[in-house]
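Chains A and G are the protein sequences, given in the same order. Letter by letter, the first sequence follows residues 152 to 563 in our numbering. Letter by letter, the second sequence follows residues 152 to 563 in our numbering. Note that beta-carbon positions come from the ideal geometry of N, C-alpha and C, so glycine has one too. In what follows, a single structure is set out as structure tokens and then discussed.
Protein chains: 2
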Amino acid sequence: MRPSDRVDGARLLARLMDLARFGAREDGGVDRQALTAGEILARAELVRWGRELGLRPYTDAAANLFLRLDGAEPSLPPILTGSHIDSQPTGGKFDGAYGVIAALETVQAIRDAGLQPRRSIEVVAWTNEEGSRFSPGMTGSDLFTGTRQLTIIESDADAAGVRLGDALAGVLGADVDIPHRPFQFEVAAFVEAHIEQGPLLERAGIPVGVVTGIQGTRRYRVRVHGEPAHAGTADRAERKDALMAAVRMIAAIDTAASSPADTKLTVGLFEIKPNAPSVVPADALFSIDLRHPDNAVVDRLDTEIRKIVERERGPCTVELKQIQHSPSLTFDSAVRATIARCAQVLGFPHQDIHSAAGHDARQLHYVCPTGMIFVPCRDGISHNPAEWSEPDDLTAGTRVLADTVWTLASEA
Amino acid sequence: MRPSDRVDGARLLARLMDLARFGAREDGGVDRQALTAGEILARAELVRWGRELGLRPYTDAAANLFLRLDGAEPSLPPILTGSHIDSQPTGGKFDGAYGVIAALETVQAIRDAGLQPRRSIEVVAWTNEEGSRFSPGMTGSDLFTGTRQLTIIESDADAAGVRLGDALAGVLGADVDIPHRPFQFEVAAFVEAHIEQGPLLERAGIPVGVVTGIQGTRRYRVRVHGEPAHAGTADRAERKDALMAAVRMIAAIDTAASSPADTKLTVGLFEIKPNAPSVVPADALFSIDLRHPDNAVVDRLDTEIRKIVERERGPCTVELKQIQHSPSLTFDSAVRATIARCAQVLGFPHQDIHSAAGHDARQLHYVCPTGMIFVPCRDGISHNPAEWSEPDDLTAGTRVLADTVWTLASEA
């Protein structure tokens, strides 16, 4: 009897659809941004499901949620498996949620198979992976792994001015009987299942991706300061138009990033003040998200971006702040081999695949052996209400996850 | 005894500074957008000042405020004089407010001189000239003159979703004993005093500008529709990036409008959705404000703008909507001559000047003889907290206004 024998695809899908009710959008998507009411209710539902399975819930100062199945040797560092349940404002039902529900199904399958692992296994939901409300994301895994410190970021505010520290206090204050644990407890391994968010597996007709690593990312905020002026009277030569300066910068950066063709450049956030049709904009703020698997490409564009913002600012002033720099990384070879072997034994076609997106697994990679399992998603679409994965693929990925986690939890 | 003899510059300035308390910004500017609490309180203060002077207040369905001094022949159409008291979010103390306070000072000077005009004189404050909250502006003068219909625009909403009709109902409901009048009652003439919002009078050292007309304006809203996608995974070739399309459009339109050099092009409003750093923008909305004294220039750029948005949309779709088209106009020659003659008699240097900005006088021009008086403002700065005019210039403009209004009210 292997845990994968007891993975129930229908139950997995039912839980995914159940979770998607929290923060449901009218267009079928999900808007369940971190620490909002929708996410708070979804987190409480996870606790309820975990308790029904006999798992003990824990949390920490980042509101990360852990659901623990005790192993035969409970003093050993546990295996963690999971992802996140927060979404983008225009998110779908699978990004993040799949990894958490697949982890819960994994633990249930192990229990239903009448097996007890040597090491304890914990289902985890990391807080604010997406970073759409409190930016940047990966808050829970960053704090857990010590990449960032709560005392430094607790004053960060969302667009409405709510502080991260207050939002966390609100969520933690509503918890009933969930003990707290410190950050950075020892972890034996972390495995995260996720939809690919790209088209490669679907095109290849392969249900399981063994993730080799994560491409490098740099994220910036650019603030342009000009001066407000009257749209009808201020002469072009006398304006300090923050919007026009920002437009010139973005157009030039887009051109610079057009080669190599697999460079990912996104300006996803753009705000101006006073944002009134008859006033020359005094301030502009925009984000830059730059990614490429080759660190040298990202580093070259970093240099170009810094030159461009100075060159195009005109009479305005500009501040460029890099808020994240995550080099490309390669996951632990033993974990990758275990995933591939479990897929092989189950007879699922599988292939190595590089992750273009960032994941909580990035942070865990620096503190314990870490791996990821990808499943195909339709047309590669993600961060979009149309996000979809076929139930057979979701089940295949979960079966591989179950055997992988069981194997890791059984090893010496 | 002429009314200008009794214009009190200190009282004028004191009332301007008093009014600037409503919606005061910490930086010394004013944020008193239409139908907000700040404007409601400022309007109530005007009513109080008017009643102290024995003027009778009236309003209408647009919440325009009229303060009436009865003439010897009260059945004759009145002379209207005033401007507006709403401001831009980053506005100053003078734009609009000066014309209303100068009108109040005019009426007080006439009364203090012991004079009674033949025609009634009404101080007027038109609602929502600026259009920063409910766009486009000129709402009060548009509705009064029949340019727009309340039944058509009452459902227009501000950024927070508040309907114009509800905002008006809130203001009118709080009025105490202010009778309503219909729109489009007959008006004998309208005179509006205003700061220049440009640098010409100050540079020439001339305190009084006789406004010859208003330059042509076209205003647009452009909506670009793309598709949300994941910043890390969606390939450049597969994206429908609404922000990048909008940036290309604005850069091209800016280039097209760079000649002739006195073309005024402003993109003052720019919003994207979902506005999240890790999501390729699905939608972009921006405003275009285009002005030039020569109608042919505005018309040529109108054609170019329509071509550019189609050419630069890439895989996105685009809707361009013209929300305003106001051709250049020339004010009534008799009113202009009266203003110039009054300035001449008072010994104030004066010159003809074209208005680059739109004003409520534009709408009144189509229903009655209309004119405007400009006074210099420092460095031509307006729509900016730093807006400033010298007290001597404010007084000079008001003295010319007082004699002009008196002359018009005395004519057959």
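Sequence ranges, beta strand (DSSP E) only - wholly within the segment 163-230 of chain A, length at least 3:
207-210 and 216-220
Extent of the continuous beta strand (DSSP E) to which Ala276 of chain G belongs
Ile272 to Trp277
Do Thr232 of chain A and Phe334 of chain A have their C-beta atoms within less than 8 Å of each other?
no
Buried or exposed: which applies to Phe336 of chain G, given that a residue is buried once 16 or more other Cβ atoms fall within 10 Å of its Cβ?
exposed
Might you give, ordered along the chain, the residues of its own chain that have their beta carbon closer than 7 Å to the beta carbon of Thr257 of chain G, omitting 5 neighbours on each side?
Pro154, Thr232, Thr549, Leu552, Ala553 and Val556
Is the segment 231-250 of chain A touching the segment 272-291 of chain A, taking contact as three or more C-beta pairs under 8 Å?
yes
Could you confirm whether any beta carbon from chain G is found closer than 8 Å to the beta carbon of Glu455 of chain A?
no
With Lys458 of chain G as the anchor, note down where its beta strand (DSSP E) starts and where it stops.
It is not in any beta strand (DSSP E) - Lys458 of chain G instead sits in the alpha helix (DSSP H) that spans Asn446 to Glu463.
Return the chain-ordered list of same chain residues with a C-beta closer than 7 Å to the C-beta of Ile423 of chain G, the five sequence neighbours on each side being excluded.
Ala393, Leu394, Pro432, Asp434 and Ala435
Cross-chain neighbours of Ser234 of chain G in chain A, by beta carbon under 9 Å
Within 9 Å Cβ-Cβ: nothing; Ser234 of chain G doesn't reach chain A, min ~15 Å.
Check the Cβ of Leu420 of chain G against every Cβ in chain A and list those closer than 7 Å, keeping chain order.
Asn426, Ala427 and Pro428
If the criterion is Cβ atoms closer than 8 Å, does the pair Arg270 of chain G and Leu227 of chain G meet it?
yes
Expressed to the nearest angstrom, what Euclidean distance is found between the alpha-carbon atoms of Pro373 of chain A and Val198 of chain G?
Before going further, note that residue 373 of chain A is Val rather than Pro in the sequence given. Distance between the alpha carbons of Val373 of chain A and Val198 of chain G is about 46 Å.
Residues sharing a beta bridge with Asp440 of chain G, DSSP:
G:Arg370 and G:Thr417
How about Leu416 of chain A and Phe437 of chain A: are their beta carbons less than 8 Å apart?
no
Would you mind working out which of G:Ala412, G:Trp277, G:Ala402 and G:Gln267 sits nearest Ile252 of chain G, comparing C-alpha positions?
G:Trp277
Can you give the beta carbon distance from Phe525 of chain A to Glu347 of chain A, rounded, assuming they're within the 8 Å contact cut?
4 Å
Mind pulling the chain G residues with CB within less than 7 Å of Ile524 of chain A?
Per Cβ cutoff of 7 Å: no residues; Ile524 of chain A is ~16 Å from chain G at best.
Using a Cβ-Cβ cut-off of 8 Å, state whether Lys391 of chain G counts as contacting chain A.
no
So which residues of chain A does Pro432 of chain G contact, with C-beta pairs closer than 7 Å?
Gly419
For Gln239 of chain A, decide whether its Cβ has a neighbour in chain G, counting only Cβ atoms nearer than 8 Å.
yes
By the 7 Å beta-carbon criterion, what residues does the segment 158-180 of chain G contribute toward chain A?
none
Consult DSSP for Arg510 of chain A and reduce its assignment to one of helix, strand or coil.
According to the sequence provided, residue 510 of chain A is His. The question's Arg does not apply to it. In the structure shown, His510 of chain A sits in coil (DSSP, three-state: anything other than H, G, I, E or B).
Can you tell me the Cα-Cα spacing of Gln502 of chain G and Arg464 of chain A, whole angstroms?
37 Å
Tell me the rounded alpha-carbon separation between Leu186 of chain G and Thr384 of chain G.
46 Å
Mind listing which residues of the segment 393-404 of chain A have their C-beta closer than 8 Å to chain G's C-betas, in chain order?
Leu394, Met395, Val398, Arg399, Ile401 and Ala402
Measure the CB-CB distance between Ala494 of chain A and Val362 of chain A and report whether it falls below 8 Å.
no
So with CB distances below 9 Å, who are the chain A contacts of Ser292 of chain G?
Per Cβ cutoff of 9 Å: no residues; Ser292 of chain G is ~15 Å from chain A at best.
How many Å lie between Ala403 of chain G and Thr406 of chain A at the Cα?
15 Å
So the beta strand (DSSP E) Thr521 of chain A belongs to, where does it begin and stop?
Thr521 to Val526
Pairwise C-alpha distance: Asp386 of chain A and Asn511 of chain G:
The sequence shown places Asp at residue 511 of chain G, rather than the Asn named in the question. When rounded, the distance between both Cα atoms is 22 Å.
Taking only three categories from DSSP, how would you classify Phe295 of chain A?
helix
Taking Leu266 of chain A as part of the beta strand (DSSP E), name the residues at either end of that continuous run.
Taken as a continuous stretch (DSSP letters only), Leu266 of chain A belongs to no beta strand (DSSP E), as it is neither H nor E.
Under 8 Å, do Leu206 of chain G and Val274 of chain G count as touching if we go by C-beta distance?
yes
With Gly509 of chain G and Ile365 of chain G assumed to form a contact (beta carbons below 8 Å), what rounded beta-carbon distance in angstroms separates them?
6 Å
With DSSP as the reference, label Gln335 of chain G as helix, strand or coil.
coil
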